[in-house]
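J.: Take a look at this one; I'll ask things after.
Number of protein chains: 2
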Amino acid sequence: MVDMIADKMKALVNNSSAIRAMFEEGKKLAKEYGAENVYDFSLGNPNVPAPPEVQAAMCEIVKEEDPVVLHGYMSNSGYEDVRQAVAESLNERFDTSFEKENIIMTVGAAGGLNVILKTLLNPQDEVVVIAPYFGEYNAYVSNYDGVVVVVSPDTRDFKPNLKELEEKLTKRTKAVIVNSPNNPTGVVYSEATIQKLADILRRKQQEFGTDIYLISDEPYRELVYDGVEVPYLTKYYENTIVGYSFSKSLSLPGERIGYLVIPKEAADAEEIQAAANVATRILGYVNAPSFMQKVVARCLEAKADVPYYNRNREALYHALTEMGFHCIKPEGAFYLFVKSPIEDEKKFCEAAKKYHILIVPGSSFSCPGYVRIAYCVSYETILNSLDSFRKLAEEFHTK
Amino acid sequence: MVDMIADKMKALVNNSSAIRAMFEEGKKLAKEYGAENVYDFSLGNPNVPAPPEVQAAMCEIVKEEDPVVLHGYMSNSGYEDVRQAVAESLNERFDTSFEKENIIMTVGAAGGLNVILKTLLNPQDEVVVIAPYFGEYNAYVSNYDGVVVVVSPDTRDFKPNLKELEEKLTKRTKAVIVNSPNNPTGVVYSEATIQKLADILRRKQQEFGTDIYLISDEPYRELVYDGVEVPYLTKYYENTIVGYSFSKSLSLPGERIGYLVIPKEAADAEEIQAAANVATRILGYVNAPSFMQKVVARCLEAKADVPYYNRNREALYHALTEMGFHCIKPEGAFYLFVKSPIEDEKKFCEAAKKYHILIVPGSSFSCPGYVRIAYCVSYETILNSLDSFRKLAEEFHTK
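This is the structure:
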């Protein structure tokens, strides 16, 4: 009468996300020592509040909209007016030509990725990911009995190793997931990189007589620094499907709101759109939360507080490199991916806890030997943490 | 280069929910003939607005709560204060003794069912359902490669056929799903029925040396008429897991908010709670929508407008039986399950469309020969539809 949970879940519970475990630990430490004395860099949980447009939209909508419509069911793919607004906003910004049919509102990017993987994957289909990558991709692919194929990290600059990627594409490759700006490195793929990637995918499609979908996971699209451009991938490769989230751009991670873009140029686009609609329903999402659909539709022009994150980025990057830590300067997202001063980066993360610093081992991103520091915290936390980082640096003789 | 979607999805897209197809068709008809001339009884989409407490709570929360916390990540199982409030409200109402650890906030009941099935099911595990039942259970069980075992309907009174249920329990039975008040029949399980069911399950657990979970899908708990009681199942059977939704009680179906109750008495309760937390994350929900968690926590005492539904129930039940249609009088939920005057009820539903009446074939609930009429519409729709129902009755010579 023991061990009633599913076998697949047992391993998952045991290896449960180190990121989340750290988050829970941070809450405990904060209770014990006071939140101001704990430097929790574990989770991509924006400390910057949602832009003022969000609160304004929430109040307006509550007043203006018929509650029966506002809180009711709609098509599983989302309200048509919301999908239309999203399509138009994308067209305006990226010179694309999407229509509402190309947009499926989702329960965040995580929901969107699950919907598209459920839609596409047969058991044993391969999904290529490029290390370092968000570890939850493993679980999402495994949910549909797909197989994750990892392209190893290029630790010189954390740009994708396209040569190895090409070698790892097979007849069974159903999709490649890319994530730019990247979690955990902050790397942004340049137009040249994307063009090379698209060429490789097209060549391999022709060689195998298959379609290979490029799934672009883009929660960090709006968070870029120094004027860096993030090319819109559907313009470079026909079989691109975009997963977007408002979690980071509008600081709404708990609300679970995002969308998929399935362009008409993608192979079997209409079938995929129809199946994604069904997948949204049967995975139990049913639809993206209705009120938040209406809210984001009114906030498509709202801007994330990029200057705030940039100040954090500059302060932490300069302080840590000054202390002798090594990392590339991120161009986007809100993470530093720092080389661990000892090979076993998990031990390093454990040691950091002594100084009330919470950071995540690179193994969670298939890139051991590094640690991720999420700097989406308050600027005060950055400043207050520097003494502790200095002690950590001294303990590990980084200089 | 065709047929890129997953094989499992192909069948699902083809047989996509007749209920949802009808909903989409209803929207088209409404555009063509005007919404007031279409009698759409297809979907359980409440026409009664959310109770005033919901709007009040929404406005208060926007004003009072820190947006960083309000829209941020929390534990995947939900805000602790919300879970605590839910537990206390249940304890108050049902004399239970839940704590926050027993409550997991979910993306509606559909999300909750997916989470618990993902948590429990190994491939080929059997899940027993009692016809007629909500057809989406098939998809939810299939998501985790479980096998649905159907107990056939007892069309005399639509109470569960417990004798057949007992015969269909095997060593591989992982769970039994019950749904009272029932969709589509409106039947409410009496205390005596539940006690018999619990006895059978206990007997079979002992015989097989297994645990069999009773999953109680309870979105309609608050919608009962004539003072009928809905017993709280955890009090009758230890291995009960409850899935609840605020979709119907607070008229919030689009918001996707509900919870699971995993009582400490259930076998492996702690392991299940931990695994359900992980399942919530990796299925891509991550957590139940944060704002709506806070809203429902403030509306736990709010009441659904049961008198409104009751007026609909009385009006439609009396009119239809008067016209010669046959159905049991529902004690709960907001559906009439009416015997089709011809064997092929799909043909009957097609014929009804001529009169702009949209109803759902019983085959969608594994009970052909019947149709479901969702009376969660406006009272005016009921009254206006009666002429059309009369014509339909004449066409089929119901008298």
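Protein sequence lines correspond, in order, to chains B and V. Per full-length UniProt numbering, residue 1 is the first one in the first sequence, and the count goes up by one each step. Per full-length UniProt numbering, residue 1 is the first one in the second sequence, and the count goes up by one each step. By construction, the Cβ of each residue, glycine as well, lies at the ideal position given by its N, Cα and C atoms. Only a predicted model underlies this, so the values are computations on that prediction, with no experimental measurement involved.
1. Between Val127 of chain B and Val115 of chain B, is the Cβ-Cβ spacing less than 9 Å?
2. For the beta strand (DSSP E) containing Gly135 of chain B, list its first residue and its last residue.
3. Let me know the secondary structure DSSP gives Ala198 of chain V once reduced to three states.
4. Any beta carbon from chain D within less than 9 Å of Gln55 of chain B's own beta carbon?
5. Quick one: does residue 400 of chain V have its CB under 9 Å from some CB of chain B?
6. By DSSP's criteria, Val338 of chain V is part of a beta bridge. Which residues make up the other side?
7. If you run the structure through DSSP and keep just helix, strand and coil, what is Pro67 of chain B?
8. CB Pro51 of chain B to CB Ser251 of chain B, shorter than 9 Å?
9. Only counting the same chain, and skipping five residues up and downstream in sequence, which positions put a Cβ closer than 8 Å to that of Leu201 of chain B?
10. CB-CB under 7 Å to Thr173 of chain B, same chain, minus the five flanking residues each way: which ones, in chain order?
11. First and last residue of the beta strand (DSSP E) that includes Asp7 of chain B?
12. Is it the case that the Cβ atoms of Ala87 of chain B and Val13 of chain V are separated by a distance below 9 Å?
13. Examine the Cβ distances between the region 350 to 363 of chain B and the region 380 to 389 of chain B and report whether three or more of them are shorter than 8 Å.
14. At what residues does the beta strand (DSSP E) containing Thr173 of chain V begin and finish?
15. Can you name the residues of chain V whose CB is closer than 8 Å to the CB of Met292 of chain B?
16. Check whether the Cβ atoms of Tyr259 of chain B and Ile104 of chain B lie closer than 9 Å to each other.
17. Could you check how far apart the C-beta atoms of Pro341 of chain B and Thr398 of chain B are, in whole angstroms? I think they sit under 8 Å.
18. Let's see if you can read the secondary structure: which residues bound the alpha helix (DSSP H) around residue 469 of chain B?
19. Name the chain V residues that come within less than 7 Å of Glu24 of chain B, Cβ to Cβ?
20. Whole angstroms are fine: how far does the CA of Val286 of chain V sit from the CA of Asp40 of chain V?
21. Buried or exposed for Arg203 of chain V, going by 16 or more other Cβ atoms inside 10 Å?
22. Check the Cβ-Cβ distances between Ser216 of chain B and every residue of chain V, and say whether any is below 9 Å.
23. Given this structure, state the Cα-to-Cα distance separating Arg93 of chain V from Arg313 of chain V, to the nearest angstrom.
24. Look at the alpha carbon of Leu43 of chain B and the alpha carbon of Met22 of chain B, and state the distance between them as a whole number of angstroms.
25. What span of residues does the beta strand (DSSP E) with Glu126 of chain B cover, start to end?
26. Candidates V:Ile282, V:Glu167, V:Pro67 and V:Phe134: which alpha carbon is nearest Asp217 of chain V's?
27. Closest by CA to Arg156 of chain V, which one among V:Cys349, V:Lys171, V:Asp66 and V:Phe337?
28. Do you know offhand how far Tyr144 of chain B's Cα is from Val151 of chain B's?
29. Taking C-beta to C-beta, are Tyr308 of chain B and Tyr379 of chain B nearer than 9 Å?
30. Hey, Ala269 of chain B and Met323 of chain B are a contact pair by Cβ (cut 8 Å); roughly how many whole angstroms apart?
31. Suppose you measure from the CA of Val188 of chain B to the CA of Asn182 of chain B; what does that come to, to the nearest Å?
32. Which whole runs of the beta strand (DSSP E) in the region 226 to 260 of chain B are 3 residues long or more, in chain order?
33. Does the separation of the CB atoms of Ala304 of chain B and Glu222 of chain B fall below 9 Å?
34. Taking only beta-carbon atoms, is Met1 of chain V less than 9 Å away from chain B?
35. List the residues of chain V whose Cβ lies closer than 7 Å to the Cβ of Asn45 of chain B, in chain order.
36. Please name the residue or residues paired with Met22 of chain V in a DSSP beta bridge.
T.: The relevant details are as follows:
1. no
2. That residue, Gly135 of chain B, is in no beta strand (DSSP E); it is neither H nor E in DSSP.
3. helix
4. Of the protein chains in the structure, B and V, none is chain D.
5. Nothing can be reported for residue 400 of chain V: it is not among the residues displayed for chain V, which extend from 1 to 399.
6. V:Cys327 and V:Val371
7. helix
8. yes
9. Leu169, Val176, Ile212, Leu214, Tyr237 and Asn239
10. Glu126, Val128 and Ile212
11. Unbroken run through Asp7 of chain B is the alpha helix (DSSP H), Asp7 to Asn14; no beta strand (DSSP E).
12. no
13. yes
14. Thr173 to Val178
15. Pro289 and Phe291
16. yes
17. 5 Å
18. It is not possible to answer for residue 469 of chain B, since the shown part of chain B is limited to 1 through 399.
19. Ser75
20. 34 Å
21. exposed
22. no
23. 26 Å
24. 8 Å
25. Glu126 to Ile130
26. V:Phe134
27. V:Phe337
28. 21 Å
29. yes
30. Their Cβ separation, rounded to whole angstroms, is 51 Å, which puts Ala269 of chain B and Met323 of chain B out of contact at 8 Å.
31. 6 Å
32. 240 to 245
33. yes
34. Here the model assigns Met1 of chain V a pLDDT of 41, short of 50, so the residue's position is not dependable and the matter cannot be decided.
35. Gly72 and Tyr73
36. In DSSP, Met22 of chain V forms no bridge with anything.
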